[in-house]
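Data block below; observations after.
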Amino acid sequence: MNKLFLTASAAALTLALSAGVAAARDQIQVAGSSTVLPYAKIVAERFGETFTNFKTPVVESGGSGAGIKEFCKGAGEDTIDIANASRAMKDSEVESCKKAGVTDIQEVRFGYDGIVFATDAAGPDWQLTPVDVYKALAAKIAVDGKLVDNPNTKWSQVNSALPDWDIAAYIPGEKHGTREVFEEKMLIAGCKEAGGIEAATASGLDEKGAEAACKAVRKDGKAVDIDGDYTETLARIDSNKQGVGVFGLSFYENNADKLKVATVSGVTPSVETVASGEYPVSRPLFFYVKKAHLGIVPGLKEYVEFFLDDQMVGPEGPLAEYGLVPAPDAERQEQRDAFTGGKTM
Amino acid sequence: MTDITASSLPVAAPPARRDIGLKKRYAAEARFRMYGIAAITFGLVFLAIMLGTIISKGHTAFWQTTVTLPVTFDPTLIDPQNKRESDPSVLIKANYDKLAQQALISKLGIDAKSKPEVAKLKGFLSDSARIQLRDMLVANPALMGQTVTVPILASANIDSAFKGQVDLTVPEARRKVKDQQITWMNQLAAEGTLAEKFNTGLFTYGASSRPETSGVGVAIVGSLYMMAIVLVLALLVGVAASIYLEEFAAKNRLTDLIEVNINNLAAVPSIVFGLLGLAVFINFLGMPRSAAIVGGITLSLMTLPTIIIATRAALAAVPPSIRQAALGLGASKMQMVFHHVLPLAMPGILTGTIIGLARALGETAPLLLIGMVAFVANYPATPFDPATALPVQIYMWANEAERAFVERMSGAIIILLVFLMAMNLTAIVLRRKFERRW
Chain P
334 MNKLFLTASA AALTLALSAG VAAARDQIQV AGSSTVLPYA KIVAERFGET FTNFKTPVVE
394 SGGSGAGIKE FCKGAGEDTI DIANASRAMK DSEVESCKKA GVTDIQEVRF GYDGIVFATD
454 AAGPDWQLTP VDVYKALAAK IAVDGKLVDN PNTKWSQVNS ALPDWDIAAY IPGEKHGTRE
514 VFEEKMLIAG CKEAGGIEAA TASGLDEKGA EAACKAVRKD GKAVDIDGDY TETLARIDSN
574 KQGVGVFGLS FYENNADKLK VATVSGVTPS VETVASGEYP VSRPLFFYVK KAHLGIVPGL
634 KEYVEFFLDD QMVGPEGPLA EYGLVPAPDA ERQEQRDAFT GGKTM
Chain S
31 MTDITASSLP VAAPPARRDI GLKKRYAAEA RFRMYGIAAI TFGLVFLAIM LGTIISKGHT
91 AFWQTTVTLP VTFDPTLIDP QNKRESDPSV LIKANYDKLA QQALISKLGI DAKSKPEVAK
151 LKGFLSDSAR IQLRDMLVAN PALMGQTVTV PILASANIDS AFKGQVDLTV PEARRKVKDQ
211 QITWMNQLAA EGTLAEKFNT GLFTYGASSR PETSGVGVAI VGSLYMMAIV LVLALLVGVA
271 ASIYLEEFAA KNRLTDLIEV NINNLAAVPS IVFGLLGLAV FINFLGMPRS AAIVGGITLS
331 LMTLPTIIIA TRAALAAVPP SIRQAALGLG ASKMQMVFHH VLPLAMPGIL TGTIIGLARA
391 LGETAPLLLI GMVAFVANYP ATPFDPATAL PVQIYMWANE AERAFVERMS GAIIILLVFL
451 MAMNLTAIVL RRKFERRW
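The listed protein sequences derive, respectively, from chains P and S.
Just so we're aligned: the first sequence equals residues 334 to 678 in the working numbering.
Just so we're aligned: the second sequence equals residues 31 to 468 in the working numbering.
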C-alpha cells in the first residue's frame, strides 16, 4: 500500500510541475468589462463557428479595471491578448503597461452604449434632467449659492413634475465603468447647471475639489451602489416598485416589458438617439490588443478583423441587434484602417 | 418485651410534598421541544421555498421548443457558382440561414416575395440552425440536393413565449416576440411541427451567447477534471500528513502550532486561496490561465485542511488496543498503521473527503481570480485547456440580460444540487456500510 502511495504522489507532483511547461497556446484569451462581455461573447462564438480552424476565444469578465490590469502584466503566452473596456485606458494604465513590457497597444473603439434610467413598467412616465439627478443624488447641493447637505427626500421636492416618490436610486458601483459616465454626464453636468461649481469654489475648493464635490453621491441610503450586474439592479426595482435604476441600453432593450425608461432632457434613449448624439448619456466601448501577440497567437488578427467587420459591428449586425449603438460608417472604416495600419497608442 | 400492637404504632404521616418544581421542569422541557421543532420548521420552510423557487423556475429548462422542418439542401442556394469541387470552403461560408428560412416559408405558406412578412420570420428560428445545417452537409456531402427532415431549435424568444413566460398583454412594441410570430407559433404547434422536446443540449452544449444553444457540458467536464485533481492531490497529501501527525510525530510545541494552523486554514475564506493560486501557479510557475489544472490545485489547497481534520479524527477513533495488539505480535509501526489502523479508519477518511469534494464542487470565488469565470465554448481536451465549472456557469447565466437564461440558470442549479446530493448520499452509504463502532 505504501508503494502505491509513493508512486501516486510522485505522479501527482510531476503532473503539477509539468503544467509549467504547457504546450503553446492556441486559443485567444480576452478579459475585462462586463458591459463589453455580451458583445465579445457574440463575436467569439461566431468567430469559432466561422473559422473552423481556430478555437473559440475564451472571454473572462471582471470589470474594465481588472481586465486592463491583467493585460498590463506583460507580454508573452501566459498573459491575455485582449482587454475589453467600457472606458478609455487611463494614462497611468498605459504607463504601467509600458513598464511591464507591453509597449505596443492597439486601441479599438467598436461602438457606443447608452446609459438609461428606468423604473418599473407599471409606474408613471419620467422626464429627468441632469439637474434633477444632481439635486436628488448628490451628497451636497447648492442652495442660494452655498453647499448644504442634500435636504431632498422625495423626487417631487427636486422637481414638481416628477412623481411624489421617496428617492431610491440604484446606481452602478465604483468598480463599474458605467459609474464614471454617470458621474460625468449626469452629476457634474447637473452640478454645473445648478450652480454647484460656483458654490463649491466659493466655499474655498479648487476646480478639482469642486468637481469631486459635485460627483460625491449621498451616503444616507437613498442612492444605493450596485456592485453586481444589471440583473441585480433589476431585482432591486422588482422589489421596490418606486425605485429608479441605472441600466445599459442593451439591458433595457432586452427587458423592455418589465421596465419603463425615463427621458433625459426630453430625449428618449434608443439606438438612433444615442448614435446621433441627441441622447446625452452615452459612452464609447473599447478593446485593446497586444500588438506583440498578433503573429504569435493563432487567429488573433482574424478575430479583431472579424469583430470590426460590418457583419458584426454594422447597423444590421448581431451586436446592434443585442443593443450596441453602432459607430457611424466613417468611424467604423477609420477603426478598421487604424488596426490594419498597425497604429499603436 | 413491650407488647406493641400494630395499632399503637405511630402512623407514618404522608411525607410533606416537597416543592421539587416538577411542573415547572416539565413545562421547561415542553418549551425546549417546541423551540427545537420551531427551529427545524423554520429551516425546512426556507429549504422548501428555495427548492420550490428553483424547481418551479428551472424545470422548464429541461425542455426545449423545437421546430421539425423538411429542409432542402438546394445547390443553387448553397453553391450558386458550382465551385465546391475546387474550393471546399464554399460549403462552410454558404448562406445556410436561407435554407432554414425557405423551409419555414413553405411550411407556413407565406408569400416568399412579401418582404415585410419574410422580415418577421427573422428571430423565429435559432441562429444555430446555420451551424447545424452546415455541419450536416459538411459531414455528409451526399445530402446536396436532397430534402431532409431536420429538428431545428426555435429561438429563445419563441421558446419563452411557447412556455408562457412572456407577458403577452404588454404592448407589442415593448416585447421581443411579435404578434405575427405568436400566430405562426400557434399554427405550427397545432400542426405538431413545433413542440417541446427533452433538452439534451443543456447537458452537451458549452457556453453560448444564444440561450437556446447554451448548456453545462463544458462546465461539467471542467468540474470533473477539477474534482479528479482534488481527489488525487488532496487525498494523498491530506492522508499522508494526517498519518504522520497522528501516528508518528512527537507531541511538542511545533506539532501543536501546525495543528492550530490547520484548523485556522479550514476557516480561511476561499477567495484567499484564489489569490494564492493566482500568485503562485499563474504568475510564478507560469501555468495557463482559465485551466482546470490550476483550478484543481487551488481547490485542493482549499480542501486539504478539511480532509486532514477528518482523517485525524478517523485515525484517533481507532482504539489503542488494535495498535497495541499489532505491535505486540511483532508488527513494525508502519505495518501497524498501514495494515490495521488505516483500513479501519478508511470509512471516516472517505466521508471527510467526499464532504470536502462537495464543498470544492460548489466553489466559485477562488476560480474568479484564476480566470475560470469565463465564456468557454470549446470542450477542454486536457486539464490544461481553458474550462469553467458548474457553479461558475450558474453565476455567468445569472448575470445575463436575456430572460431565457433565467430558466437555464435554475436548471443548472438543479443539476448541481443533484451532483451534490449524490456525493453526500455516497458519503452516508459508505459510513453506514463500513463504519465500525467500538
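For every residue, glycine included, the Cβ atom is placed at its ideal position computed from N, Cα and C.
Original post:
Using a Cβ-Cβ distance under 8 Å, would P:A355 count as near chain S?
Top reply: Confidence in P:A355 is poor, its pLDDT being 41 and thus under 50, which makes the residue's placement too unreliable to answer from.
Original post:
Since P:A364 and P:I413 are thought to touch, with beta carbons under 8 Å apart, how far apart are those beta carbons, to the nearest angstrom?
Top reply: Sure, about 5 Å apart at Cβ, within 8 Å.
Original post:
At a Cβ threshold of 8 Å, is P:R512 touching chain S?
Top reply: Chain S, which has no Cβ nearer than 8 Å to the Cβ of P:R512, makes this no.
Original post:
Can you list the beta strand (DSSP E) stretches of 3 or more residues lying completely in the region 523-596 of chain P, in chain order?
Top reply: You should have 556-559, 577-581, 592-594.
Subject >> Opposing strand residues paired with S:F228 [DSSP bridges] >> reply: S:F228 is bridged to S:W93.
Subject >> Span separating the alpha-carbon of P:F672 from that of P:F584 >> reply: Approximately 29 Å between the Cα atoms of the pair.
Subject >> Local conformation of S:E465 per DSSP, three classes >> reply: It is coil, neither helix nor strand.
**OP:** Take S:D127 as the anchor and find which of S:S119, S:V101, S:A159, S:K145 has the nearest alpha-carbon.
**Re:** Comparing Cα-Cα distances from S:D127 to each of S:S119, S:V101, S:A159, S:K145, the minimum goes to S:A159.
Original post:
In three-state DSSP terms, what is P:Y445?
Top reply: Assigned with DSSP and collapsed to three states, P:Y445 falls in strand.
Original post:
With distances taken from CA atoms, which of P:A475, P:E403, P:W488, P:D446 is nearest P:L461?
Top reply: Nearest of P:A475, P:E403, P:W488, P:D446 to P:L461, Cα basis: P:W488.
**OP:** Measure the C-alpha to C-alpha separation of P:V354 and S:G316 and round it to an integer number of angstroms.
**Re:** Because P:V354 carries a pLDDT of 40, less than 50, the predicted location of this residue cannot be relied on, and the following value inherits that uncertainty. A straight-line Cα-Cα distance of about 8 Å links P:V354 and S:G316.
Original post:
Going along chain P in order, which residues have a C-beta closer than 7 Å to the C-beta of S:D197?
Top reply: One finds D590 in chain P with Cβ atoms closer than 7 Å to the Cβ of S:D197, taken in chain order.
Original post:
chain P partners of S:S136, CB-CB under 7 Å?
Top reply: Listed along chain P is no residue with a C-beta nearer than 7 Å to that of S:S136; the closest approach is about 25 Å.
**OP:** Report the three-state DSSP secondary structure of P:V476 (helix, strand or coil).
**Re:** Looking at P:V476 - three-state DSSP - the assignment turns out to be strand.
**OP:** List the whole-angstrom C-beta distance separating P:V441 from P:V622, where the pair is believed to meet the contact cut-off of C-beta under 8 Å.
**Re:** Right, the Cβ-Cβ distance comes to about 7 Å (below 8 Å), so this counts as a contact.
**OP:** Could you list which residues in chain S have their beta carbon closer than 8 Å to that of P:G395, in chain order?
**Re:** Under the 8 Å cutoff, chain S gives L398, V403.
**OP:** Could you confirm whether any beta carbon from chain S is found closer than 8 Å to the beta carbon of P:G381?
**Re:** By this cut-off, P:G381 is an interface position.
**OP:** Establish whether the CB of P:D411 and some CB of chain S are separated by less than 8 Å.
**Re:** P:D411 counts as touching chain S.
Original post:
Does the beta carbon of P:P371 sit closer than 8 Å to a beta carbon anywhere in chain S?
Top reply: Nearest CB-CB separation between P:P371 and chain S: below the 8 Å threshold.
**OP:** Return the chain-ordered list of same chain residues with a C-beta closer than 7 Å to the C-beta of S:V120, the five sequence neighbours on each side being excluded.
**Re:** Cβ neighbours of S:V120 within its own chain (closer than 7 Å, five residues either side excluded): D109, K113, R114.
Original post:
Which partner residues of P:Q460 appear in the DSSP bridge assignment?
Top reply: DSSP lists P:T596 as the beta-bridge partner residues of P:Q460.
Original post:
Residues of chain P with CB under 8 Å from S:S86, in chain order?
Top reply: By Cβ distance, chain P contributes nothing, its closest Cβ being about 17 Å from S:S86, past 8 Å.
Original post:
Thinking C-alpha only, which one of P:A568, P:V607, P:G578, P:F640 is nearest S:R433?
Top reply: Of P:A568, P:V607, P:G578, P:F640, the residue nearest in Cα terms is P:A568.
Original post:
Which residues of chain S have a Cβ atom closer than 8 Å to the Cβ of P:Y503, listed in chain order?
Top reply: Here the premise fails: no neighbours, minimum Cβ distance about 15 Å.
**OP:** Just the chain S side, please: which residues come within less than 8 Å of P:A433 by C-beta, in chain order?
**Re:** By Cβ distance, chain S contributes nothing, its closest Cβ being about 12 Å from P:A433, past 8 Å.
Original post:
S:N125 CB to nearest chain P CB: under 8 Å?
Top reply: Judged by the 8 Å Cβ criterion, S:N125 is not in contact with chain P.
**OP:** Have a look at S:K145, S:A361, S:Q131, S:A169 and flag the residue whose alpha-carbon is nearest the alpha-carbon of S:D157.
**Re:** When the alpha-carbon of S:D157 is set against those of S:K145, S:A361, S:Q131, S:A169, the nearest one is in S:Q131.
**OP:** Please determine if the region 368-382 of chain P and the region 653-660 of chain P are in contact, where contact requires at least 3 C-beta pairs separated by less than 8 Å.
**Re:** Under the 8 Å Cβ criterion, the region 368-382 of chain P counts as touching the region 653-660 of chain P, having at least three qualifying pairs.
Original post:
Would you report the Cα separation of P:E310 and P:G599, rounded to the nearest angstrom?
Top reply: Residue 310 of chain P is absent from the model: chain P starts at 334 and stops at 678.
**OP:** Measure how close the beta-carbons of S:Q423 and S:V246 come, nearest whole angstrom, since I'm counting them as under 8 Å.
**Re:** Between S:Q423 and S:V246, the beta carbon gap of about 5 Å places them in contact (Cβ cut-off 8 Å).
**OP:** Could you tell me whether the Cβ atoms of S:L265 and S:I339 are closer together than 8 Å?
**Re:** No, the Cβ-Cβ distance between S:L265 and S:I339 is not below 8 Å.
Original post:
Under a three-way DSSP split, which group does S:Y255 fall into?
Top reply: S:Y255 falls in the helix class under three-state DSSP.
Subject >> Members of the region 402-429 of chain P that neighbour chain S once the beta carbon cut-off is set at 9 Å >> reply: Taken in chain order, the members of the region 402-429 of chain P whose beta-carbon sits within less than 9 Å of a beta-carbon on chain S are E403, K406, G409, E410, D411, T412, I413.
**OP:** Select from S:R205, S:L447, S:V97 the residue whose C-alpha is nearest the C-alpha of P:D590.
**Re:** Ranking the options by Cα distance to P:D590, first place goes to S:R205.
Original post:
What residues from the region 613-638 of chain P come within 7 Å of chain S, judged by C-beta to C-beta, listed N to C?
Top reply: When CB distances to chain S are screened at a threshold of 7 Å, not a single residue of the region 613-638 of chain P falls below it.
**OP:** Look at S:A471 and S:T418 and say whether their C-beta atoms are less than 8 Å apart.
**Re:** Within the shown structure, residues of chain S are numbered from 31 to 468, placing residue 471 of chain S beyond reach of any answer.
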